[in-house]
Amino acid sequence: MGSVTVTMEPLFLAWSSYRRRRFQRCADICSKLLSESPYDQAAWSLKTRALTEMVYIDEVEVDQEGIADMMLDESSIAQVARPGTSLRLPGTSQGAAPTPAVRPMTQSGRPVTGFVRPSTLSGRPETMEQAIRTPRTARPVTSASGRFVRLGTASMLTNPDGPFINLSRLNLAKYGKRPNLSKTLFEYIFHLENDVKNALELAALATEHAQFKDWWWKVQLGKCYYRCKLKEQTK
Numbered sequence: 001m002g003s004v005t006v007t008m009e010p011l012f013l014a015w016s017s018y019r020r021r022r023f024q025r026c027a028d029i030c031s032k033l034l035s036e037s038p039y040d041q042a043a044w045s046l047k048t049r050a051l052t053e054m055v056y057i058d059e060v061e062v063d064q065e066g067i068a069d070m071m072l073d074e075s076s077i078a079q080v081a082r083p084g085t086s087l088r089l090p091g092t093s094q095g096a097a098p099t100p101a102v103r104p105m106t107q108s109g110r111p112v113t114g115f116v117r118p119s120t121l122s123g124r125p126e127t128m129e130q131a132i133r134t135p136r137t138a139r140p141v142t143s144a145s146g147r148f149v150r151l152g153t154a155s156m157l158t159n160p161d162g163p164f165i166n167l168s169r170l171n172l173a174k175y176g177k178r179p180n181l182s183k184t185l186f187e188y189i190f191h192l193e194n195d196v197k198n199a200l201e202l203a204a205l206a207t208e209h210a211q212f213k214d215w216w217w218k219v220q221l222g223k224c225y226y227r228c229k230l231k232e233q234t235k
């Protein structure tokens, strides 16, 4: 008897790879299916989910702050009193210690002796602001902003020919009326493309189509508002 070769159906093989968390293999199989049949919605949806899972980050990590977030807090209290508002009078300190005018000192507390040794004070940042300050006019990259930049470029890394979905030519109103595709598309736009504007528009259209009864879309609206710093709308 001759040997019989049994091959698995490609779409089922892609779904099996997705369930085993082999997302790149799943995306490659779906890409081959889409090259043969560009309007295959099952392959399109599965590839979208696979690409999203590659870069998915739990939103619980949004509240984690780095050193730049803590040092650049706008609500922090000033550590030094404004000129003319201090109750301490000059020359009344205990011990009659020399004033900075008699013995000048740097911001780090070292006395100015008139001689700076090479590679000591000149190249050393005196404050935390100077340590994290960049020579450019941009704000230092914080933990949240750096992660969003990486998510925005993830689509270009997974597809050498460019992004998988061209958002500028996408009809969001049409996809907002398709519950089986809209949720997958939203996660792709929000997590992989990092396009909060289009994600918010899609979530609003889908929520309206669901007659404001779908809790999942309400949560996604809150995530978009939170990303846009609209905390009142998030509540």
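Those letters in the sequence shown? Residues 1 to 235, by UniProt numbering.
From the three backbone atoms N, C-alpha and C, an ideal C-beta is built for every residue, glycine too.
Residue j and residue i - do their beta-carbons sit closer together than 8 angstroms?
i, j, result
"Cys224", "Ala206", "no"
"Ala203", "Phe186", "yes"
"Ala50", "Ala27", "yes"
"His191", "Thr48", "no"
Cα separation between residue i and residue j?
i, j, result
"Lys218", "Ser16", "31 angstroms"
"Pro83", "Pro111", "23 angstroms"
"Pro168", "Lys197", "With the sequence shown as reference, residue 168 is identified as Ser, and Pro is not the correct amino acid for it. Taking the straight line from one Cα to the other gives about 12 angstroms."
"residue 237", "Thr7", "As shown, the chain starts at 1 and ends at 235. That puts residue 237 outside it, with no answer to give."
"Pro38", "Ile29", "13 angstroms"
"Asp40", "Val55", "24 angstroms"
"Glu193", "Gln24", "17 angstroms"
"Leu230", "Tyr188", "22 angstroms"
"Arg227", "Met105", "44 angstroms"
"Pro179", "Asp214", "11 angstroms"
"Asp195", "Asp58", "17 angstroms"
"Phe212", "Asn166", "28 angstroms"
"Arg19", "Phe164", "21 angstroms"
"Leu13", "Arg22", "11 angstroms"
"Ser31", "Gln79", "58 angstroms"
Could you check how far apart the C-beta atoms of residue i and residue j are, in whole angstroms? I think they sit under 8 angstroms.
i, j, result
"Ser45", "Leu181", "6 angstroms"
"Lys183", "Trp216", "7 angstroms"
"Leu172", "Glu201", "6 angstroms"
Could you name the residues of the same chain whose beta carbon sits closer than 6 angstroms to that of residue i, not counting the 5 residues immediately before and after it, in chain order?
i, result
"His209", "Gly176 and Lys177"
"Val149", "Per-residue confidence for Val149 stands at a pLDDT of 47, beneath the threshold of 50, marking its modelled position as unreliable; the derived number appears in the next sentence. Contacts found: none."
To which residues of the same chain is residue i closer than 7 angstroms at the C-beta, ignoring the five residues directly before and after it?
i, result
"Gly11", "Sequence inspection shows Leu at residue 11; the Gly mentioned does not correspond to that position. Excluding sequence neighbours, Leu11 sits near Leu33, Ala42 and Ala43."
"Gln233", "Tyr225"
Whole runs of the beta strand (DSSP E) within the segment 8-65, excluding any shorter than 3 residues = none
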